[in-house]
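Undergrad: Using my numbering, you'd call the opening residue of the sequence shown number 1452 and step up by one each time. Built from N, CA and C at the ideal position, the CB exists for glycine as well. Pasting in a structure now, in structure tokens, and then I'll have a few things to ask.
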Amino acid sequence: MQSRSRLTFLVVNLLVATAGLASDPNDWVNIKYVLTHAGDRSSGETASAQSNIVSNAGTTAKKGPWTVTNSPVKAPSGDPHDYLSWAPYHWPNCNWCDKGTNHFANPNSTEPDIGDGSGDGDFPDDGDYEGGGVTTPDSEQKFINGFDGTLPILVTRNLQGAHRRMRRVRRHGTPVVEERPPSLSRRGSLDPFPDFGGNPITDAPALPTAPFIPNLGGSRTGKGAAGTPAPAQAPAKTQKAASKCTPSPTKPLAPSATWTTCPYEVRDGKVNPDVRTLTDSSDVMNMAQSVLYNGIAYALNKAPIHSKNAASLIDTWFLSSATAMNPNMNYGQLVRGPGKEHQYGTFTGILDLRALVKVVNAIQLLRVTKSPDWTSAREQAMTSWTKTYIAWLQGSKIGKETASKANNHFTFYASQLAAAQMLVGDNNGATNTLSNYFTHQFLDQVAASGEQPFEAVRTRPFHYRAFNLEAMITNAKLGDQLGQNFWIAKSKYGATIQNAVDFAMAQDPKSEDVSDIFPHVASAAAAYGDPTGKYKKFLSSKSRDYQSQAFYFYDQTDALPNSPAATRKKKRDVMLPVGNFAIKDASNSTTCVVANGLPAIPFECPEVFGKAPLVELEDGLFVSCDDIRRFYEGVEDCIR
């Protein structure tokens, strides 16, 4: 009991201590726009936001540097340079017998083992994994180190199954909720990654430290846990545990044995608290946020410290031979469990490195401001690292799988790939990547009402609508930087990003965080204009200080020169009216109509269902066309 109570105390305090450290959403700020504001922080509408960016540049840098080599647990490869994170929504389901046996974490206890997958522990597990920016206090790091690189699993009773609209599937064995078609059986261990013909980084000039040659493919012989993240869907139903328990081990084992002994199952929208004991996912977000703040701050005031901060943080995370991350996400968001198939990450792990967009943004600013700290050696080394990572994104099995998805995972994949291509000077490739997104997956992502069906089916629909909007808007901003106008891109149902923002604004967040959408509302106002003041009114009513937030500096019409608002005098015909969609006779009809009275385009299954009857939103969690149909054509999906 004492050890269990101690663990509960430590974890709860760890989570409380780290609350509020989340970084900003993914974003991009126009390079020329930042330069035009150099030296004007004392006045103007964005003065407060600029001041906060500069202040945050210094305070965040002091919390660094960050590196993957500081992780308390190594990837299955055994290489400390390999990025590692665990699937946030997967929980162990050991179902150990309790009485008179030796448990993993608490031998001879008559209470459920804290690592057995049956306890309910009162741990806050509803936080947003995607928020990132969570760090482990030094006081708790000592506790972590006491386990020699292993940590106990924290679980809850009544493991929830998938919602009736979802299919939850184990990596092996029969489906947990509904039987899965044989053609969709879970893949086994990953195929070897393709040979990209050498390592471009080997020719990078020497940095202050020895040249670092990253491991492209990653080792396949190391021991450890691995896997993928679980999807979150609409409110999940509780699934009762099996009536028979599994005999406990005959002798004490380390709590970490759960990672490779017990099967892990999806628990809709519930973050397993123990994933936060790995620091790579929070560290990369903190690093990227600080790099961007410092890059902008240097462009605004030319203070040398900001340039040095940005370059140093990039060195530590990407370039130093002692601390650099290998340019792959082979072990991102691993799903733990027994068997070789749990020794690798899957497609959801790429999401963890989405903040690479911010790093590229900062590097572009260091380049154009001719920062003395952004040396030719760093330039060439970072370019080489990024070229290797691009090759992995486009050529690895994990990367190819992510590129085939229909929901936010591909939207963020496109952001990441396009930004990386911009960094290495392949602007045509970046434009093609973004164009491919807006002419393929985007077509099915937004219904006529502005609803996002692939996100609305999740357990926390408000959060996931905002999350996909985050990536959509980033893609439009990257395109704007490249001279493109993706703001007017329409889904097959005639909806734009603006319609998706308008719909999300109109929804009741219930217990979810309404602030998730604030930056996107500001983006909509900047890109499409705010003639009726609806966006300003929304932000003013929800947040007193939104004009002092960093996103308010980024989200100005001047920062989006190719947007409809910036070109409205010449191209009024491309502007969509605010509140464009409404319901016609909602009491007797389920048909949404556009403002001009024309009927909505008839529903047809999204293109992705032409390849398989079930589509995977997260590792092991699937939807059918019928599951999401109502979000395209139901009355509740029209803006009231």
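Ignoring anything shorter than 4 residues, give me the alpha helix (DSSP H) runs that lie fully in the region 1787-1840, in order along the chain.
TA: Fully enclosed alpha helix (DSSP H) runs of 4 or longer: 1807-1819.
Undergrad: Once you ignore the five residues that flank residue 2001 on each side, which residues in its own chain have a CB closer than 7 Å to its CB?
TA: Cβ neighbours of residue 2001 beyond the five flanking positions: 1475, 1500, 1503 and 1504.
Undergrad: How far does the alpha helix (DSSP H) with residue 1717 in it reach, from first residue to last?
TA: Unbroken run through residue 1717 is the beta strand (DSSP E), 1715-1717; no alpha helix (DSSP H).
Undergrad: My assumption, with CB atoms under 8 Å, is that residue 1873 sits in contact with residue 1811. Please give the rounded CB distance.
TA: Right, their Cβ atoms sit about 6 Å apart.
Undergrad: Answer with buried or exposed for residue 1823, where buried requires no fewer than 16 other C-beta atoms within 10 angstroms of its C-beta.
TA: The residue is exposed, with fewer than 16 neighbouring Cβ atoms inside 10 Å.
Undergrad: Look at residue 1922 and residue 1862 and say whether their C-beta atoms are less than 7 Å apart.
TA: Against a cut-off of 7 Å, the Cβ pair of residue 1862 and residue 1922 comes out as a contact.
Undergrad: Bridge partners of residue 1543, per DSSP?
TA: Its beta-bridge partners are 1715.
Undergrad: By Cβ distance, which residues of its chain are closer than 6 Å to residue 1726, with the 5 residues on each side in sequence left out?
TA: 1537 and 1539, listed in sequence order.
Undergrad: When the Cα of residue 1781 is compared with those of 1482, 1498, 1990 and 1531, which residue comes out closest?
TA: The candidate whose alpha carbon is nearest that of residue 1781 is 1531.
Undergrad: In angstroms with no decimal places, state the Cα-to-Cα distance between residue 2077 and residue 1972.
TA: About 31 Å.
Undergrad: Going by beta carbon distance, what residues of the same chain come within less than 6 Å of residue 1868, once the five residues before and after it are set aside?
TA: Hits under 6 Å: 1844 and 1884.
Undergrad: If residue 1742 and residue 1765 are in contact, beta carbons under 8 Å, what's the gap, nearest whole angstrom?
TA: About 6 Å separates the two Cβ atoms, so the contact holds.
Undergrad: Beta-carbon separation of residue 1836 and residue 1778 under 7 Å?
TA: In this structure, residue 1778 lies closer than 7 Å to residue 1836 by Cβ.
Undergrad: Below 8 Å on the Cβ atoms is my contact criterion, and I expect residue 1524 with residue 1534 to pass it. Report the Cβ-Cβ distance as a whole number of Å.
TA: So it is not a contact: roughly 12 Å between Cβ atoms.
Undergrad: For residue 1983, does the count of other Cβ atoms within 10 angstroms reach 16, so buried, or fall short, so exposed?
TA: By the 10 Å Cβ count, residue 1983 comes out exposed.
Undergrad: Quick one: what's got a C-beta closer than 7 Å to residue 1783's C-beta in the same chain, skipping five residues either side?
TA: Contacts found: 1534, 1536, 1796, 1800, 1801 and 1803.
Undergrad: Of all the options 1747, 1529 and 1481, which has the alpha carbon lying nearest to the alpha carbon of residue 1506?
TA: Closest by alpha carbon: 1747.
Undergrad: For residue 1517 and residue 1925, which I take to be in contact (beta-carbon distance under 8 Å), what is that distance rounded to the nearest angstrom?
TA: Residue 1517 to residue 1925, Cβ: 22 Å. No contact.
Undergrad: When the Cα of residue 1760 is compared with those of 1740, 1774, 1580 and 1808, which residue comes out closest?
TA: The residue with the shortest Cα to Cα distance from residue 1760 is 1740.
Undergrad: Alpha carbon to alpha carbon, how far is residue 1658 from residue 1830?
TA: Note on residue 1658: pLDDT 36, under 50, position unreliable in the model; no value is reported.
Undergrad: Which term fits residue 1929, buried or exposed, when burial requires 16 or more other beta carbons within 10 angstroms of its beta carbon?
TA: Result: buried.
Undergrad: With a threshold of 7 Å between beta carbons, is residue 1871 in contact with chain D?
TA: The question asks about chain D, but that chain is absent: this structure has only one protein chain.
Undergrad: Please list the terminal residues of the continuous alpha helix (DSSP H) segment that includes residue 1906.
TA: Here the alpha helix (DSSP H) through residue 1906 covers 1904-1907.
Undergrad: If you count every other CB in all the chains shown that lies within 10 Å of the CB of residue 2062, and 16 or more means buried, which is it?
TA: So residue 2062 counts as exposed.
Undergrad: Just grab the DSSP bridge partners of residue 1537 for me.
TA: Per DSSP, 1785.
Undergrad: Jot down the residue ranges of each uninterrupted alpha helix (DSSP H) in the region 1470-1523, minimum 4 residues, whole runs only, in chain order.
TA: Segments of the alpha helix (DSSP H) lying fully in the region 1470-1523: 1482-1487 and 1498-1513.
Undergrad: With distances taken from CA atoms, which of 1749, 1807 and 1509 is nearest residue 1776?
TA: Of the candidates 1749, 1807 and 1509, the one whose C-alpha sits nearest the C-alpha of residue 1776 is 1807.
Undergrad: Find the nearest neighbour of residue 1892 within the set 1900, 1881 and 1905, judged by alpha-carbon distance.
TA: The candidate whose alpha carbon is nearest that of residue 1892 is 1905.
Undergrad: Whose CA, out of 1786, 1762 and 1919, lies closest to the CA of residue 1723?
TA: It is 1786 whose Cα lies nearest to the Cα of residue 1723.
Undergrad: Please report the distance separating the alpha-carbon of residue 2067 from that of residue 1750.
TA: Straight-line Cα distance between these residues: approximately 42 Å.
Undergrad: From residue 1998 to residue 1887, what distance separates their C-alpha atoms?
TA: Their Cα atoms are separated by approximately 34 Å.
Undergrad: Just verifying my parser: in three-state terms, what is the DSSP assignment at residue 1995?
TA: It is coil, neither helix nor strand.
Undergrad: Indicate whether residue 1715 and residue 1541 have their beta-carbon atoms separated by less than 7 Å.
TA: In contact: residue 1715 and residue 1541 (Cβ atoms closer than 7 Å).
Undergrad: Kindly indicate which three-state DSSP category residue 2080 falls into: helix, strand or coil?
TA: Looking at residue 2080 - three-state DSSP - the assignment turns out to be helix.
Undergrad: Check residue 1851 in the structure and name its three-state DSSP category.
TA: The answer is helix: DSSP assigns residue 1851 an H, G or I state.
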